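Top to bottom, those sequences are chains A and B. Just so we're aligned, residue 779 is where the first sequence starts under my numbering, counting upward by one. Just so we're aligned, residue 779 is where the second sequence starts under my numbering, counting upward by one. For glycine and all other residues, C-beta sits at the position ideal for the given N, C-alpha and C. Keep in mind it's a predicted model, so treat the numbers as computed, not measured.
Number of protein chains: 2
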Amino acid sequence: MPGEFELIARLAERLPLSRRTILGAGDDCAILAPSRGPGLFTIDSVVEGVHFDLRWSTPEALGARALAVNLSDIAAMGGRPRACVVNVAIRRGLTAAFFDRLYAGLKSEARAARIDVVGGNITRARELAITIAVLGDAGAQVLRRDAARIGDEIFVTGTLGDAAVGWRILSGKIRAPQAVRKFLVGRFIRPTARLMAGERLASIRPVPAAIDISDGVMQDLGHILERSGVGAELDARALPLSPAYRAVMGGDLSLALGGGEDYELLFCIRPGYRESVLARRLRVGVHRIGRIVRGKRLRILGADAPRIAGFDQLRARA
Amino acid sequence: MPGEFELIARLAERLPLSRRTILGAGDDCAILAPSRGPGLFTIDSVVEGVHFDLRWSTPEALGARALAVNLSDIAAMGGRPRACVVNVAIRRGLTAAFFDRLYAGLKSEARAARIDVVGGNITRARELAITIAVLGDAGAQVLRRDAARIGDEIFVTGTLGDAAVGWRILSGKIRAPQAVRKFLVGRFIRPTARLMAGERLASIRPVPAAIDISDGVMQDLGHILERSGVGAELDARALPLSPAYRAVMGGDLSLALGGGEDYELLFCIRPGYRESVLARRLRVGVHRIGRIVRGKRLRILGADAPRIAGFDQLRARA
Chain A
779 MPGEFELIAR
789 LAERLPLSRR
799 TILGAGDDCA
809 ILAPSRGPGL
819 FTIDSVVEGV
829 HFDLRWSTPE
839 ALGARALAVN
849 LSDIAAMGGR
859 PRACVVNVAI
869 RRGLTAAFFD
879 RLYAGLKSEA
889 RAARIDVVGG
899 NITRARELAI
909 TIAVLGDAGA
919 QVLRRDAARI
929 GDEIFVTGTL
939 GDAAVGWRIL
949 SGKIRAPQAV
959 RKFLVGRFIR
969 PTARLMAGER
979 LASIRPVPAA
989 IDISDGVMQD
999 LGHILERSGV
1009 GAELDARALP
1019 LSPAYRAVMG
1029 GDLSLALGGG
1039 EDYELLFCIR
1049 PGYRESVLAR
1059 RLRVGVHRIG
1069 RIVRGKRLRI
1079 LGADAPRIAG
1089 FDQLRARA
Chain B
779 MPGEFELIAR
789 LAERLPLSRR
799 TILGAGDDCA
809 ILAPSRGPGL
819 FTIDSVVEGV
829 HFDLRWSTPE
839 ALGARALAVN
849 LSDIAAMGGR
859 PRACVVNVAI
869 RRGLTAAFFD
879 RLYAGLKSEA
889 RAARIDVVGG
899 NITRARELAI
909 TIAVLGDAGA
919 QVLRRDAARI
929 GDEIFVTGTL
939 GDAAVGWRIL
949 SGKIRAPQAV
959 RKFLVGRFIR
969 PTARLMAGER
979 LASIRPVPAA
989 IDISDGVMQD
999 LGHILERSGV
1009 GAELDARALP
1019 LSPAYRAVMG
1029 GDLSLALGGG
1039 EDYELLFCIR
1049 PGYRESVLAR
1059 RLRVGVHRIG
1069 RIVRGKRLRI
1079 LGADAPRIAG
1089 FDQLRARA
């Protein structure tokens, strides 16, 4: 196992930094330039055996994914990522070359999202875990979970359930034709944070409510309902499914409704927006899947309830 | 094992927040009020079996310590803590009551340091780990590792080596009389971040170089030397030792020089300051232990080199 100091030095080495960072890795703290507006702050972690398996993922993809799941939280607030600090818990059996590749993936994702990696910490542990805290700049408006109003229409970006199917393909629970396997597995291994869509969504007035879909559309919509004190009706027939999802799952909506890890955005917006108009504005596919109603319940219309994983759990909460 | 959502809810529950926080835990990100000056950003982690053992520490002390080791990094830059986000990796066998007590300790430390706990994340894992990212406000000047100049005198706050002795008492490697055991163990289990000393140090001109002593005075001074491109002479006879340290270790300086976890501050300041003047100014005990010299080497004067743990390692680096 490479030494901890060596690994920190590798992480800090030649990290390109923007002018928003005064001092990057190498001191007790990074020093950031003053922010102009409000800041966004979040932390997330990926743990070996829980969120990933090294048999499935290259080190580069793992590094990129560890950051992407955090960036998705910034996207869900409509903000712009600014700086992050990275904690890596390392276990025996991993080489210095492994970490170079992990950091390469992380840095590549950071470059694409224009975020500075300003600090790191390495600790020993029994399992590999990457925990990242991200600081973002909020836009003029912030997308919050508590802003859904009765009558709002509910939209999602992209397609639903692909990552959950991909994960089950990898873990041998579902078989898939080769033609669709790569797409579905890729949606799990290498999710895209919808940063541009989030930022553009935050410019709409009145500001929509939003959340990223990390735990499945039902559970994440449930968070919006709880925070906003409203109910919702979802139209199961309107859920956007990829051709690959349909090829594997047919008409089974359980993973589109209950499967997580999609990192798409779900948002609630005042009625009247056409899908095509929103798609152009957000520069990503957008589908209307339901509406916000009075009450506290989440009703799924047009689906065979018992077949939906997690449905009862959510109904119990609502 | 309590549910993950239940634990997040407990963490977020009734957290008192300052006006610097617009929105605390419960959304995808926390929202922070704009900062006036530069920010400080750091992350640190404590892992079961590496940094702590539940047989030695109450859950309250563990929660407080997990935050304190992060606050120490803010202290070492002369800043004021502002907001933190907490990631807890939980393993089987821990009860909801355990987490309530862990959070109680964390919140109590947060209250004392006037820092807002603005978000959290819970993940499953095979071992308990608490990773905290802290955001601070920098003062008019920042204490950096790269600011030591030839001729500077080197000081430390408090006493050295107590925590390292305490850790060895807990793990059964050292025996200690009951009269001193509690003090030494307490210095390990429940370290104090020198926030006020750091903030006051940052108001001195020209601004001193500083670091917190987490890995031992030799290794941490080594970081300053490396970043500042200078050497140093330490006077082993000047190291501040507690009566408890002397009672257990006698004249053996190995843990005062090489032992970590003290979380005292080491700083390099232009010559001429008396210990008593600095102690009054920083409101903590302060001792002069050496000076910055030309070159790259760290020399220890007045000590029996081979008895000092880590000495050769550091000499090799310098």
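Exercise. How many whole angstroms separate the CB atoms of residue 972 (chain A) and residue 853 (chain A), which I take to be in contact at a CB cut-off of 8 Å?
Worked result: 5 Å
Problem set entry | Test item: CB-CB of residue 943 (chain B) and residue 799 (chain B) under 8 Å | no
For this session: Measure the C-alpha to C-alpha separation of residue 996 (chain A) and residue 1035 (chain A) and round it to an integer number of angstroms.
Result: 6 Å
Problem set entry | Cβ of residue 779 (chain A) within 8 Å of any chain B Cβ | Caution applies to residue 779 (chain A), whose pLDDT of 43 falls short of 50 and renders its modelled position unreliable; the model cannot decide the point.
Exercise. Under 8 Å between C-beta atoms, does residue 1046 (chain A) make it to chain B?
Worked result: no
Problem set entry | Identity of the residue in A:993, A:939, A:989 and A:1016 nearest residue 1067 (chain A) by Cα | A:1016
Problem set entry | Where residue 916 (chain B) sits in the DSSP three-state scheme | coil
Problem set entry | Separation of residue 980 (chain A) from residue 902 (chain A), as counted between CA atoms | 40 Å
Exercise. Can you list, in chain order, the residues of the segment 1031 to 1044 of chain B whose Cβ is nearer than 9 Å to any Cβ on chain A?
Worked result: none
For this session: Determine the chain A residues that contact residue 920 (chain B) at a beta-carbon separation under 9 Å, and present them in chain order.
Result: 800, 801, 805, 807 and 809
For this session: Please list the partners that residue 819 (chain B) has in chain A, where partner means a Cβ-to-Cβ separation under 7 Å.
Result: 807, 808, 810, 861, 863, 896, 897 and 913
Exercise. When you compare each of A:877, A:1026, A:843 and A:1011 to residue 1075 (chain A) by their alpha carbons, which one comes out closest?
Worked result: A:1011
Exercise. What's the gap between the Cα of residue 991 (chain B) and the Cα of residue 974 (chain B)?
Worked result: 16 Å
For this session: Could you tell me whether the Cβ of residue 1020 (chain A) comes closer than 8 Å to any Cβ of chain B?
Result: no
Exercise. Does the beta-carbon distance from residue 821 (chain B) to residue 868 (chain B) come in below 8 Å?
Worked result: no
For this session: Alpha carbon to alpha carbon, how far is residue 1062 (chain B) from residue 887 (chain A)? Give it in angstroms, no decimals.
Result: 44 Å
Exercise. Can you name the residues that DSSP bridges to residue 1077 (chain A)?
Worked result: A:1011
For this session: Using three-state DSSP, classify residue 859 (chain B) as helix, strand or coil.
Result: strand
Problem set entry | the segment 998 to 1007 of chain A / the segment 982 to 990 of chain A touching (three or more Cβ pairs under 8 Å) | yes
Problem set entry | Partner residues on chain B for residue 816 (chain A), Cβ-Cβ distance less than 7 Å | 800, 809, 810, 811 and 812
For this session: Going by DSSP, name the residue or residues bridged to residue 818 (chain B).
Result: A:809 and B:914
Exercise. Going by Cα to Cα distance, which pick from B:914, B:816, B:1077 and B:844 is closest to residue 883 (chain B)?
Worked result: B:844
Exercise. Can the beta-carbon of residue 864 (chain A) be found closer than 8 Å to that of residue 910 (chain A)?
Worked result: yes
For this session: Could you spell out where the alpha helix (DSSP H) holding residue 1058 (chain B) opens and where it closes?
Result: 1053 to 1060
Exercise. Hey, quick one: how far does the alpha helix (DSSP H) through residue 877 (chain B) stretch, first residue to last?
Worked result: 874 to 891
Problem set entry | C-alpha distance - residue 905 (chain B) paired with residue 939 (chain B), whole-angstrom precision | 28 Å
For this session: Please classify residue 849 (chain B): is it buried, with 16 or more other beta-carbons within 10 angstroms of its beta-carbon, or exposed?
Result: buried
For this session: Using alpha carbons as the reference points, say which of B:1013, B:892 and B:833 lies closest to residue 1079 (chain B).
Result: B:1013
Exercise. Among the residues of its own chain, which have a CB less than 6 Å from the CB of residue 967 (chain B), if the five just before and after it don't count?
Worked result: 835 and 839
Problem set entry | Buried versus exposed, by CB contacts within 10 Å (16 or more), residue 1006 (chain A) | buried
For this session: Could you tell me how far apart the beta carbons of residue 1099 (chain B) and residue 819 (chain A) are, in whole angstroms, since I believe they sit closer than 8 Å?
Result: In this structure chain B extends from 779 to 1096, so residue 1099 (chain B) is not present and cannot be described.
Exercise. From residue 1073 (chain A) to residue 1008 (chain A), what distance separates their C-alpha atoms?
Worked result: 5 Å
Exercise. For residue 1055 (chain A), which of A:1070, A:978, A:806 and A:1024 has the nearest alpha-carbon?
Worked result: A:978
Problem set entry | Status (buried if at least 16 other CB within 10 Å, exposed otherwise) for residue 831 (chain A) | exposed
Exercise. Would you say residue 991 (chain A) faces chain B, with C-beta separation under 8 Å as the test?
Worked result: no
Problem set entry | DSSP three-state assignment for residue 971 (chain A), whether helix, strand or coil | coil
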